[in-house]
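Some notes on the structure that comes next.
In our numbering, the protein residues as written are 48 to 302.
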């Protein structure tokens, strides 16, 4: 298990050096056409509607949490996917054989999970902006666990990688990328939360006990790598008053 955690330091952008990703970037999918949008979407838990007009797919969710199975989930350059899920959460699971290539725009009012065992790529021109958290992963979780809320275990052994060469922004939550390997050469911003890149077979996300936390359960047999040559922007700490012993965010790595 390899786990990289990035935390804030007085609101500054924190660049990190890692191995060059030239070979990786050259292997990224070519930009998709503007007409490329998610296909075959069906709510399998929770409720909502899915509609497409022109180069935009809109998901209007009527339940607090929901799970959508997609045949494919990619967004071409010039395309947009908009989740109107309030302050709730939507898990999007790809059941087809193609990786998710985000070359356009993915926006959400709440939290979005994008689960694709084949891989998730945010291209150089791609943007993800969520009001809640964004989780991009090649590991999955049962529908029942996601709909219940609380602790969520992402697990699996698929070889798919998660790559960000664009811009991922959470305005009021966390950004978590989980895969067999995770690579960031773009920009990740979590103004009021935590940004984490994790490679391995099992990751536990938990908000139990008050402060939100990211718990990582290590698997000794797992192999993986995490590289970062981009920028990660995190929140400016809200320092407690003198004598107070509290932290808004806790992150614990277990292994």
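Using N, Cα and C, we set each Cβ at its ideal position, and we do this for glycine too.
All of these numbers come straight from a predicted model, not from anything done at the bench.
Short of 8 Å in beta carbon distance, which residues of its chain neighbour residue i, apart from the five on each side in sequence? Order them along the chain.
| i | result |
| --- | --- |
| residue 219 | 178, 179, 238, 239 and 240 |
Which same chain residues end up closer than 6 Å to residue i when comparing Cβ atoms and leaving out the 5 residues on each side of it in sequence?
| i | result |
| --- | --- |
| residue 96 | 107 |
| residue 176 | 154 and 216 |
| residue 224 | 183, 209 and 244 |
| residue 98 | 105 |
| residue 135 | 111, 112 and 157 |
| residue 94 | 109 and 110 |
Check whether the Cβ atoms of residue i and residue j sit closer than 8 Å, and answer yes or no.
| i | j | result |
| --- | --- | --- |
| residue 166 | residue 222 | no |
| residue 213 | residue 276 | no |
| residue 185 | residue 203 | yes |
| residue 242 | residue 199 | no |
| residue 161 | residue 120 | yes |
| residue 127 | residue 103 | yes |
| residue 150 | residue 172 | yes |
| residue 148 | residue 170 | yes |
Give me the residue from the options with the minimum Cα distance to residue i.
| i | options | result |
| --- | --- | --- |
| residue 154 | 113, 100 and 181 | 181 |
| residue 100 | 279, 85 and 110 | 85 |
| residue 118 | 110, 102, 194 and 140 | 140 |
| residue 156 | 195, 124 and 111 | 111 |
On the criterion of 16 or more Cβ atoms from any shown chain inside 10 Å, does residue i qualify as buried, or is it exposed?
| i | result |
| --- | --- |
| residue 191 | exposed |
| residue 91 | exposed |
| residue 255 | Per-residue confidence for residue 255 stands at a pLDDT of 40, beneath the threshold of 50, marking its modelled position as unreliable; the derived number appears in the next sentence. Burial call: exposed. |
| residue 270 | exposed |
| residue 188 | buried |
| residue 196 | exposed |
| residue 144 | exposed |
Going by beta carbon distance, what residues of the same chain come within less than 7 Å of residue i, once the five residues before and after it are set aside?
| i | result |
| --- | --- |
| residue 20 | An answer regarding residue 20 cannot be provided, because it is not within the stretch 48 to 302 covered by the chain. |
| residue 89 | 115 and 116 |
| residue 193 | 112, 114, 138 and 199 |
To test your reading of the DSSP string, which unbroken beta strand (DSSP E) runs of 3 or more residues are found completely within the stretch 170-195? Runs of the beta strand (DSSP E) inside the stretch 170-195: 174-177 and 181-184.
Which runs of the alpha helix (DSSP H) fall wholly inside the stretch 189-234 and span at least 4 residues, in chain order? At a cut-off of 4 residues, the continuous stretches assigned as alpha helix (DSSP H) that sit fully inside the stretch 189-234 are 190-195.
Which runs of the beta strand (DSSP E) spanning at least 3 residues fall entirely within the stretch 106-174, listed in chain order? Counting only runs of 3 or more, we get 112-117, 127-131, 136-141, 147-149, 152-155, 158-162 and 167-169.
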